[in-house]
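**Q** All residue numbers for the sequence shown refer to the numbering used here, where the first residue is 2 and numbers rise by one. Have a look at this one before I ask anything.
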Amino acid sequence: MPRLTVTKIAPALGADISGIDLHAPLDEATLAALKDAWATHLVLRFRGQALDDPQLLALSRLLGPLDPPGPNPYGKPFLEAFPEINVISNVKVGGAPIGNLGDGEAVWHCDMTYVESPPRAALLHALEIPPSGGDTFWSNMYLAYETLPDATKQRIAGLRAIHDATYNSAGIMRKGMKEVTDPRQAPGAHHPLVIRHPDTGRAALYLGRRRNSYVLGLDLADSNALLDELWAHATQPEFTFRQVWQLHDLILWDNRCTLHRRDSFDPEARRVMHRTQIKGTPVAPAFEAA
Ligand code: SIN
């Protein structure tokens, strides 16, 4: 029997997993127990796992084929030897950033929902952390959906929204993109506002990111009002879990039923994270359009 221990972190989501060593290959029973805990808690935290990049890649591959990082503002992978790894960092070497997202706030988002099949999961490993700040938050989108008023549930069933590809969560334009002046024209995939999770079968609110989002078929003002209402609801503190990073924390999250954001931190401090993503499947609506 696997000896891992699962300890809930916050009422809404998140669990600490202890009793396993992620450097060693996981046996089938342990992997199955991990997947069970992941489906229940949505975000798993493993503390004190000083993995090198090949170990991070091997662990990530146990969850499925890797999804390479989306285009960053600099147009080439941050790690030449490991292009499947994204570097999240404010550090510059010789004036050039070694990673993405800088030291500012990264606003609430779900990763790469501007494509038809966004990643199903991501793993983030803390290699250097600032003395304070740079905390990361996740929010539970099953709970966000389930707690909506019935009238709102009925209103959004069957609606779809544009998920803009132009900017990353730090507000930096992706390479090759142009400024969007009308969200109705934003480039990016169109996804249902409520999706059916392919593994659990549960309905989840699916918002992507707020900037340049647009609910298809509505007046722009009505779309903005509806999106503002949904975003305010989905990011209430009681739906969230706050991660105060320790060195060599490793976090695994489900990108289909959570949103995340990151606090800013002191630009003079160093923060370096290595990140992988697992390929997803086309997003499925929870309800058919009327
Ligand atoms: C991310 O959005 O993947 C980055 C989160 C973080 O920097 O903590």
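Glycine included, C-beta positions come from ideal geometry on N, C-alpha and C. Just so we're clear, the structure is a prediction, and the values are computed from it rather than from any experiment.
#1: Between the alpha carbons of Ser90 and Leu27, how many angstroms are there, rounded?
#2: Nearest-angstrom Cα distance between Pro98 and Phe288?
#3: Buried or exposed: where does Pro70 fall if 16 or more other Cβ atoms within 10 Å of its Cβ makes it buried?
#4: Take Val284 and list the residues in its own chain whose beta-carbon comes closer than 6 angstroms to its own, dropping the five residues that flank it on each side.
#5: Should Ile89 be listed as close to the ligand SIN, given that the test is whether its C-beta is under 7 angstroms from any heavy atom?
#6: At a cut-off of 7 angstroms, would you count Ser170 as near the ligand SIN, judging by its Cβ distance to the nearest heavy atom?
#7: Within the continuous alpha helix (DSSP H) that includes Ala162, where are the two ends?
#8: When we look at the beta-carbon of Ser224 and count the other beta-carbons within 10 Å, is it buried (16 or more) or exposed?
#9: Just to check, is the beta-carbon of Leu125 closer than 7 angstroms to a non-hydrogen atom of the ligand SIN?
#10: Of the choices Arg272, Gln278, Cys111, Arg210, whose alpha-carbon is the least far from that of Gln297?
#11: Do Leu260 and Trp109 have their CB atoms nearer than 8 angstroms?
#12: If you compare alpha carbons, which of Ala13, Arg46, Val92, Gln155 is closest to Leu304?
#13: Just list the residues that DSSP pairs Lys36 with in beta bridges.
#14: For Leu228, which residues of its own chain have a beta-carbon under 6 angstroms away from its beta-carbon, when the five flanking residues on both sides are left out?
#15: Could you round the C-beta distance between Val44 and Asp136 to whole angstroms and report it? I think they count as a contact, below 8 angstroms.
#16: Under the three-state reduction of DSSP, which class applies to Lys93: helix, strand or coil?
#17: Quick check: what's the CA-CA separation for Ala190 versus His164?
#18: For Val278, which residues does DSSP report across the bridge?
#19: Using a threshold of 7 angstroms, is the CB atom of His261 nearer than that to any non-hydrogen atom of the ligand SIN?
#20: Please report the distance separating the alpha-carbon of Gly134 from that of Ser265.
#21: Only counting the same chain, and skipping five residues up and downstream in sequence, which positions put a Cβ closer than 6 angstroms to that of Leu251?
#22: Are the beta-carbon atoms of Gly103 and Ala171 separated by less than 8 angstroms?
#23: Ignore the nearest five residues each way along the sequence and tell me which others in Glu180's own chain have a CB closer than 8 angstroms to its CB.
#24: Any chance the CB of Leu67 is under 7 angstroms from a heavy atom of the ligand SIN?
#25: Out of curiosity, what's the CA-to-CA distance linking Val88 and Ala152?
#26: Phe242 and Gly15: beta carbons closer than 8 angstroms?
#27: Expressed to the nearest angstrom, what Euclidean distance is found between the alpha-carbon atoms of Leu35 and Gly177?
#28: Got a sec: does the ligand SIN put a non-hydrogen atom nearer than 7 angstroms to the Cβ of Thr114?
#29: Just to confirm my understanding: we take Ala82, look at its own chain, exclude 5 residues before and 5 after, and list those with CB closer than 8 angstroms. What are they?
**A** From the atom records:
#1: Along the sequence shown, one-based indexing puts residue 90 at 89. Along the sequence shown, one-based indexing puts residue 27 at 26. Rounded to the nearest angstrom, the two C-alpha atoms are 29 angstroms apart.
#2: The residue given as residue 98 occupies position 97 in the sequence shown. The residue given as residue 288 occupies position 287 in the sequence shown. Rounded to the nearest angstrom, the two C-alpha atoms are 43 angstroms apart.
#3: Locating residue 70 in the sequence shown gives position 69, counting from the first residue. The residue is buried, with at least 16 neighbouring Cβ atoms inside 10 Å.
#4: As a first step, residue 284 is located in the sequence shown; it is residue number 283 there, counting from the start. These residues qualify, in order along the chain: His192, Ile196.
#5: By one-based count along the sequence shown, residue 89 stands at place 88. Yes, since a heavy atom of the ligand SIN falls inside the 7 angstroms radius drawn around the Cβ of Ile89.
#6: Looking up residue 170 in the sequence shown gives position 169. Yes, since a heavy atom of the ligand SIN falls inside the 7 angstroms radius drawn around the Cβ of Ser170.
#7: Indexing the sequence shown from 1 puts residue 162 at position 161. Counting along the chain, Ala162 falls outside any alpha helix (DSSP H), though it belongs to the beta strand (DSSP E) covering 161-163.
#8: What you label residue 224 is simply residue 223 of the sequence shown in a count that begins at 1. The residue in question, Ser224, is buried, as its Cβ has 16 or more Cβ neighbours within 10 Å.
#9: As a first step, residue 125 is located in the sequence shown; it is residue number 124 there, counting from the start. Yes, the ligand SIN has a heavy atom inside 7 angstroms of this Cβ.
#10: An answer regarding residue 297 cannot be provided, because it is not within the stretch 2 to 291 covered by the chain.
#11: Mapped onto the sequence shown, residue 260 falls at position 259. Mapped onto the sequence shown, residue 109 falls at position 108. Cβ distance < 8 angstroms, so Leu260 and Trp109 count as in contact.
#12: Past the edges of the chain, shown from 2 to 291, lies residue 304, and the structure says nothing about it.
#13: Residue 36 sits at position 35 when you count from the first residue of the sequence shown. Its beta-bridge partners do not exist; DSSP assigns none.
#14: Locating residue 228 in the sequence shown gives position 227, counting from the first residue. So the list reads Ser214, once near-sequence residues are dropped.
#15: Within the sequence shown, residue 44 is the residue found at index 43, counting from 1. Within the sequence shown, residue 136 is the residue found at index 135, counting from 1. Val44 to Asp136, Cβ: 14 angstroms. No contact.
#16: Mapped onto the sequence shown, residue 93 falls at position 92. Strand.
#17: Translated into positions along the sequence shown, residue 190 becomes position 189. Translated into positions along the sequence shown, residue 164 becomes position 163. Using only the alpha carbons, I get a separation of about 6 angstroms.
#18: Taking the first residue of the sequence shown as 1, we reach residue 278 at position 277. Inspection of the sequence shows that residue 278 is occupied by Gln rather than by Val. Answer is Ala123.
#19: Taking the sequence shown and counting its residues from 1, one reaches residue 261 at position 260. Yes, since a heavy atom of the ligand SIN falls inside the 7 angstroms radius drawn around the Cβ of His261.
#20: Position 133 of the sequence shown holds residue 134. Position 264 of the sequence shown holds residue 265. Going by the C-alpha atoms only, they are around 6 angstroms apart.
#21: Position 250 of the sequence shown holds residue 251. If we look at Leu251 and ignore the five residues flanking it on each side, its Cβ neighbours are Phe47, Gln50, His126.
#22: Numbered from its first residue, the sequence shown carries residue 103 at position 102. Numbered from its first residue, the sequence shown carries residue 171 at position 170. Yes. Within cutoff.
#23: Position 179 of the sequence shown, counted from the start, is the residue given in the question as residue 180. Only Thr167, Met174 meet the Cβ criterion.
#24: For the purposes of this step, residue 67 is identified with residue 66 of the sequence shown, where counting begins at 1. Checking the Cβ of Leu67 against the ligand SIN gives no.
#25: Taking the first residue of the sequence shown as 1, we reach residue 88 at position 87. Taking the first residue of the sequence shown as 1, we reach residue 152 at position 151. One C-alpha to the other measures close to 42 angstroms.
#26: The sequence position of residue 242 within the sequence shown is 241, counting from 1. The sequence position of residue 15 within the sequence shown is 14, counting from 1. For Phe242 and Gly15, yes; Cβs fall inside 8 angstroms.
#27: Translated into positions along the sequence shown, residue 35 becomes position 34. Translated into positions along the sequence shown, residue 177 becomes position 176. A direct Cα-Cα distance of roughly 39 angstroms separates Leu35 from Gly177.
#28: Here the question's residue 114 lines up with position 113 in the sequence shown. Thr114: no, Cβ never under 7 angstroms from the ligand SIN.
#29: Here residue 82 refers to the residue found at position 81 of the sequence shown. Contacts found: Asp54.
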